[in-house]
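Just so we're aligned, residue 4 is where the sequence shown starts under my numbering, counting upward by one.
Taking it in order: structure first as structure tokens, then the write-up.
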Amino acid sequence: MANAPWPEWAERHLAMVEEADADGRLAGADPEQARILAALLSGSRIAAERLRRRPEWLEVLLDVEGMKRPRRRAVLRREVEAALGPRIEQGDYTGALNWLRSFRARESTRIAARDLAGLAGLPAITEELSDLADVCLEAVYQICWRRLVGRLGEPWHQGADGEWQRTAFSVIGLGKLGGRELNYSSDVDLMFLYEEEGWVFREPPEPGAEAGRRPPSHEFFRRLAGMIAEEVGRATAEGQLYRVDLRLRPEGDAGPLARSLDSCETYYAQQAQVWERLMLMRARGVAGDTNLAGEFLELIQPFRYPRHVNPACLQDISRMKLRLETEIVRSEALHRNIKLGRGGIREVEFVVQSLQLLHAGRTPFIAEPRILPALDRLTRYGLLSQPEARALAEAYTFYRNLEHRLQMAEEKQTHTLPEDENAVRRLARLMGFADEDAFRDVLAGHQQRVREIYDRVLPSPAGEEAGQLPPLEEGREQWLALLQERRFRDPERAWRMVQEWIDGPGHGLVTPATREAARMLLEKFLERCPRQEDLEALRRQAGPDGDPEAKWLSDPDRVLARLLHYMQAYGSRAGLLDTWRSNLGLFELMLWLFDRSEFLAELSLSEPDLVESLARGGYLVRSKTAAQTLEELRLGRDEPDARSWLRRYHRAEFMRIGLRDILGLADFEQHMSELSALAEACLAYAMEVLGDRHGGAGLPVAVIGLGKLGGGELNYGSDLDVLLVAADEAPDPAGLQRVGAELMDLIAARTEHGVAFELDLRLRPDGEKGLLVPSLSACESYYTRRAWLWEIQALSRARPVAGDPEVGRRFMELVQRCIDFREPDPRRVKAMQPDWRLEMVRMRQRIERERVKPGHEPLAFKTGAGGLVDAEFIAQAICLGRGWLEPNTGRALERAGREGALPPELAAKLLENYRRLRRIEAILRRWSYEGETELPVDPAARYRVAVRCGFGAAEDLLAAVARYRAHIREVYREFFAPEWRELGEA
4 MANAPWPEWA ERHLAMVEEA DADGRLAGAD PEQARILAAL LSGSRIAAER LRRRPEWLEV
64 LLDVEGMKRP RRRAVLRREV EAALGPRIEQ GDYTGALNWL RSFRARESTR IAARDLAGLA
124 GLPAITEELS DLADVCLEAV YQICWRRLVG RLGEPWHQGA DGEWQRTAFS VIGLGKLGGR
184 ELNYSSDVDL MFLYEEEGWV FREPPEPGAE AGRRPPSHEF FRRLAGMIAE EVGRATAEGQ
244 LYRVDLRLRP EGDAGPLARS LDSCETYYAQ QAQVWERLML MRARGVAGDT NLAGEFLELI
304 QPFRYPRHVN PACLQDISRM KLRLETEIVR SEALHRNIKL GRGGIREVEF VVQSLQLLHA
364 GRTPFIAEPR ILPALDRLTR YGLLSQPEAR ALAEAYTFYR NLEHRLQMAE EKQTHTLPED
424 ENAVRRLARL MGFADEDAFR DVLAGHQQRV REIYDRVLPS PAGEEAGQLP PLEEGREQWL
484 ALLQERRFRD PERAWRMVQE WIDGPGHGLV TPATREAARM LLEKFLERCP RQEDLEALRR
544 QAGPDGDPEA KWLSDPDRVL ARLLHYMQAY GSRAGLLDTW RSNLGLFELM LWLFDRSEFL
604 AELSLSEPDL VESLARGGYL VRSKTAAQTL EELRLGRDEP DARSWLRRYH RAEFMRIGLR
664 DILGLADFEQ HMSELSALAE ACLAYAMEVL GDRHGGAGLP VAVIGLGKLG GGELNYGSDL
724 DVLLVAADEA PDPAGLQRVG AELMDLIAAR TEHGVAFELD LRLRPDGEKG LLVPSLSACE
784 SYYTRRAWLW EIQALSRARP VAGDPEVGRR FMELVQRCID FREPDPRRVK AMQPDWRLEM
844 VRMRQRIERE RVKPGHEPLA FKTGAGGLVD AEFIAQAICL GRGWLEPNTG RALERAGREG
904 ALPPELAAKL LENYRRLRRI EAILRRWSYE GETELPVDPA ARYRVAVRCG FGAAEDLLAA
964 VARYRAHIRE VYREFFAPEW RELGEA
């Protein structure tokens, strides 16, 4: 143990294991056995803990001859099948899975010992880890398949000859699993694939049998995929098999868990992006039907290795890498992150995959998913020089070994060197270095050489070399030409701002270091300002729907001006430039903030520390529920001014949610959900405060969310449509009216900190003439006897969001009765007239006539023909006609497709185009924080919106919006066809 790489760990961990080794296995260990154990216990606390709990595993580690040999996939599979077979036959699926988790832990420990003791090199280790994952995934697939078939039956489809055939299913491995280069603590990137659409039968179908009303097979495979992912990722006392990442599948989190072969082909042919080409280079079948996996790989071959590739795609890859760097907001960690940092693993991978993308379509021999063999092949074909390939191979081997030693300590997924010096020294010793300095020198050398090769192979995103800015003093004409090329609207004014940016506002000394930082940051800023050729490339590459991932600044003049204003507000110009230079991710974040949202930019200027504190604190990666947000709000219950606390918290949280949206850390659905959760929590907190004021007990009042709040679909600048309802037995009805006014004051009164949210209570019974807080019985009387149809439509989006839950529940019982138009009876609810659908169409026509300005129809994406209101009216009509209480428009349309209220293809078309328009609406509202209903009239402003939406030209945005609206109006006319004809508009 004294000669172990890190004796302190080895001795401490040995004591743990010896105490558990009641059978004395360690007592007679020979020198080689001791060396292997010392190496393992020096490097892995998790291995020591496993041996403490399972000392019998020592027998595997003490078998020196066995430890020198890898355990191949076939050997592992035989052991698994022998152990699981009897358990599965007895239906003991839980026992089978727990045994499998223990098996995986034992084998991971054995592989780690081989690695740390130097009994195998990197290629053998990663292959063993990948084989182990394959065997475990196949076992889980077999267990889940058997369980689900036992419950539901088996999926079948009809072949081209009309005969019934069993439908195959395959699990596709991606990333390091697909490339057979798995880590000790890698996620497993998976995609689930089935052969063809069909139906589920409990018994094999007879020839010529009809499917009838049997369940569709896509639902079976969706459940199977979910079961596999859940069991693989489940953590138990026996451990966890693997964390599962399904985000690389077509459409990511928004896509179905499992897809048919045809569906995959359609997606990759029509929608996929450059990063998906790279991702698929490492795809392979890891479980399930191998023939289907082979068919899939053959299908995607032309996509992942096209014969002709636009070299401009290399810039897309460069942008991907830059995004990876900037997502590490603490940029001082970039040099410590051996995966995503500069000169790290990802850059080696991108060099290899970029060259494969360009050349493998014509030179299939270089299409190799493993990095080290691929480097050898690229050299043979002259695509990399021998010194370059050797440098990349040495760096990659060094990084992957280092990554393994980082991860095997606790079997946690990390790629970042620790800041603790003692921990770095331990890593250095485990890597075979005598001291930390030698280790750091070798690491820095690898990072530098990899970066040099990466920069040669992949152009910078802006297509410019760093450091090529014109001289400031005598380069005015060059600057004006550069600024004009970068699409500054006023190059002369921008030139003056550049001077202030570099030389300061004209008072005080500017040090050379500060001037150098300013120039470097200015270069980074200009890289994000598009030239015309960049926009033209975007138009070619993005397709008709634009590219939401495209990151070009839409208004460089305004961004530069905002940066200067922010400097003034921050106070220390030199300090801020130094902070940004050492944290380029934070600087990029400020660029996107100032370009994407005028409202959030103003907020950052009023609180200059807010953005940096959110970014550095790691708050941007978190999503929060309403309950979590309310718990945080409750931390301010002791604040003397509840209004002030509520607004201060709201401002910080609103900035956090907005930044997550701007950075793409939350998709649009998550963004709306988080904004809605913030509103719910603010309302709930305000009701708690009011309860304290009025005697300490909960108030017998429910807060009902309507509109976008009720649907959980809040957007930037949305008012909160709410209805306050009191219990009939409330002791002080008059006093409760004051509660409504106090709630308005807490939430919506304007103070020095602004407002939390604007509240709109006009949808209550009798509108502005009615009581602020009507009773339940008053609501029942109004909605059943006097409410208009549009008021019942509003009720279809009702949801209790705060206040007394029992009052909310009773109100929703009333809502359910009022919105169930399956058998409309005006004696029950006045608005239930036989021609209620016709009245909805008339109402929609009035909205179209009255709210679209003359000549603005092409811009009116909300109220114009085919706008958002069309989709909302369809959803509300379906909910009324079927008695559904589904306030969220998107979920209502999804349900409509599932349950036959709309043909599935129409529902999918409607939902897709509705979501696209909602996203454009959000981008408009994020800028202005106003209730935008039209695209800008001014062409310059419309161009800026287009760039923010991922389009290269304003006309492309207009064309896309027209197309989305045409699709929505087509579905609207088909859905309301009888009413449309009756009104003579067909």
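Virtual Cβ for every residue (Gly too), placed ideally from N, Cα, C.
Quick caveat: nothing in here was measured; it's all calculated off a predicted structure.
Candidates ALA863, GLY884 and LEU717, of which the one nearest ALA834 by Cα
The shortest Cα separation from ALA834 among ALA863, GLY884 and LEU717 belongs to GLY884.
Pick out the complete alpha helix (DSSP H) segments inside the stretch 649-713, 4 residues or longer, and give them in chain order.
671-696 and 710-713
Nearest residue (CA-CA) to ASP319, options PRO210, ARG543, VAL427 and SER263
ARG543
Span of the beta strand (DSSP E) around ARG169
Element bounds for ARG169: 167-169.
Outcome for PRO981 when other beta-carbon atoms lying within 10 angstroms are tallied against a minimum of 16
exposed
Pick from PHE224, GLN276 and TYR652: whose alpha carbon is nearest that of ALA553?
GLN276
Around the C-beta of ASN891, are 16 or more other C-beta atoms found within 10 angstroms, so that it is buried, or is it exposed?
buried
Using only alpha-carbon positions, find the residue among ALA545, LEU180, VAL355 and THR517 that is nearest to PHE954.
Nearest option by C-alpha distance: ALA545.
As assigned by DSSP and simplified to three states, the class of LEU177
strand
Determine the extent of the beta strand (DSSP E) in which TYR197 is found, giving its start and end residues.
Judged by DSSP secondary structure, TYR197 falls within the beta strand (DSSP E) whose first and last residues are 191-197.
Using a Cβ-Cβ distance under 8 Å, would SER778 count as near chain C?
Here there is only one protein chain, and chain C is not present.
Nearest candidate by alpha-carbon position, reference PRO73, set ARG637, ALA171 and SER111
SER111
Check whether the stretch 676-696 touches the stretch 738-753, counting contact only when three or more Cβ pairs, one atom from each stretch, lie closer than 8 Å.
yes
Considering LEU726, what are the terminal residues of the beta strand (DSSP E) in which it resides?
Note, LEU726: beta strand (DSSP E), 723-729.
Give the straight-line distance between the Cα atoms of VAL20 and ALA41, rounded to the nearest whole angstrom.
12 Å
What is the DSSP secondary structure of VAL445, counted as helix, strand or coil?
In the displayed model, VAL445 falls within a helix according to three-state DSSP.
Give the DSSP-derived three-state secondary structure of ARG934 in the structure shown.
A small fix is needed here, since residue 934 is Gly in this sequence, not Arg. Of the three classes helix, strand and coil, the one that applies to GLY934 here is coil, per DSSP.
Assign ASP537 to one of three DSSP states: helix, strand, or coil.
helix
Which value, in whole angstroms, describes the spacing of the CA atoms of ASN6 and ASP24?
22 Å
Taking the C-alpha atoms as reference points, what is the distance between ALA604 and TYR270?
37 Å
Write down the C-beta distance between GLU809 and HIS859 rounded to the nearest angstrom, noting that I regard them as a contact closer than 8 Å.
47 Å between Cβ atoms; not a contact.
Taking 8 Å as the cut-off, decide whether the C-beta atoms of GLU52 and ASN186 are in contact.
no
Please indicate yes or no: does the CB of GLY435 lie closer than 7 Å to some heavy atom of the ligand HEM?
With respect to small molecules bound, the structure shown includes none, and the ligand HEM cannot be examined in it.
Endpoints, the beta strand (DSSP E) within which PHE353 is located:
Taken as a continuous stretch (DSSP letters only), PHE353 belongs to no beta strand (DSSP E), being part of the alpha helix (DSSP H) at 348-362.
Using the DSSP secondary-structure output, state which residues sit across from ASN340 in a beta bridge.
THR419
Evaluate GLY346 with the Cβ neighbour count: other Cβ atoms within 10 Å of its Cβ, from every protein chain shown; 16 or more gives buried, anything less gives exposed.
buried
Would you call the stretch 660-678 and the stretch 633-648 touching, i.e. three or more CB-CB distances under 8 Å?
no
For ALA497, the residue or residues it bridges with in DSSP
Answer by DSSP bridge pairing: none, since ALA497 is not bridged.
DSSP state of GLY435 mapped onto helix, strand, coil:
coil
Alpha helix (DSSP H) containing ALA13: first to last residue?
In the DSSP annotation of this structure, the continuous segment of the alpha helix (DSSP H) that includes ALA13 starts and ends at 10-23.
Cut-off 8 Å between Cβ atoms - residues of its own chain near ASP292, not counting five sequence neighbours on either side:
Hits under 8 Å: ALA171, PHE172, SER173 and GLU198.
Bridge partners - GLU157, DSSP secondary structure assignment
PHE204
Excluding the five sequence neighbours on either side, which residues of its own chain have a C-beta within less than 6 Å of the C-beta of ILE49, listed in chain order?
GLU413 and GLU414
ARG136 versus LEU180: straight-line alpha-carbon distance, rounded
Looking at the sequence itself, residue 136 is Ala, so the reference to Arg does not match. Distance between the alpha carbons of ALA136 and LEU180 is about 8 Å.
Taking the beta strand (DSSP E) that ARG802 falls in, what are its first and last residues?
802-806
Distance CB(SER45)-CB(LEU433) smaller than 8 Å
yes
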